[in-house]
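Be aware that the sequence shown starts at 1, since it is given in the numbering used here, and climbs by one per residue. All C-beta atoms in this analysis are idealised placements derived from N, C-alpha and C, irrespective of residue type, glycine included. Data block below; observations after.
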Amino acid sequence: MTTDRKTPDPRAAAKSRRSPKGKSATKKQSAHKAASRQKAGIVAVIGAASKASKKTVSATKPAKTVKKKPVRDDFKMPAGDYALIEALKQRALEFNRPTKKNELLRAGLQALGALDNTELQQRLLALEPARKKGPFAKASKAKA
């Protein structure tokens, strides 16, 4: 069975697309390997030079500030305190300063931190407890 030269066999076409075998192929491959080695050498030299320049640049840069991750916490407050937070948010809106709950709590902590011990004690005694009964209230009464 003969094939027409105009319509070549697909398997034969695939074989012809492959790299030719023999001495000329090995010369091309070795030349390609040598060129890639030379490029790798140049890249290594450039990389070493850039690393050295980066070291001098990084020595002159100020130290990076480390971002502090916020700590997530969960706590309970009486409903009256939540109402107070909403009232404070509305007061902040009156002078065009939208405020979040955590900003108000942080500002309150700063204000409490500025108090002396007797004033802080008075403020803490004036608070109503967040819970009427603690989780261990029954156990402590039972033991006593």
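Cβ pair residue i, residue j closer than 8 Å
i, j, result
"residue 130", "residue 67", "no"
"residue 92", "residue 98", "yes"
Where the alpha helix (DSSP H) through residue i begins and ends
i, result
"residue 102", "101-113"
"residue 89", "79-94"
"residue 127", "Segment: none, residue 127 is in no alpha helix (DSSP H) and carries neither H nor E."
Length of the line joining the Cα atoms of residue i and residue j
i, j, result
"residue 89", "residue 119", "25 Å"
"residue 95", "residue 105", "19 Å"
"residue 61", "residue 81", "47 Å"
"residue 140", "residue 79", "For residue 140, the predicted model reports a pLDDT of 47, less than 50, meaning its position is unreliable; a value from the coordinates is still stated below. Using only the alpha carbons, I get a separation of about 27 Å."
"residue 73", "residue 114", "23 Å"
"residue 127", "residue 84", "13 Å"
"residue 150", "residue 111", "Shown here, the chain extends from 1 to 144; a query on residue 150 therefore has no answer."
"residue 100", "residue 69", "18 Å"
"residue 125", "residue 116", "14 Å"
"residue 109", "residue 102", "10 Å"
"residue 86", "residue 123", "20 Å"
"residue 71", "residue 65", "18 Å"
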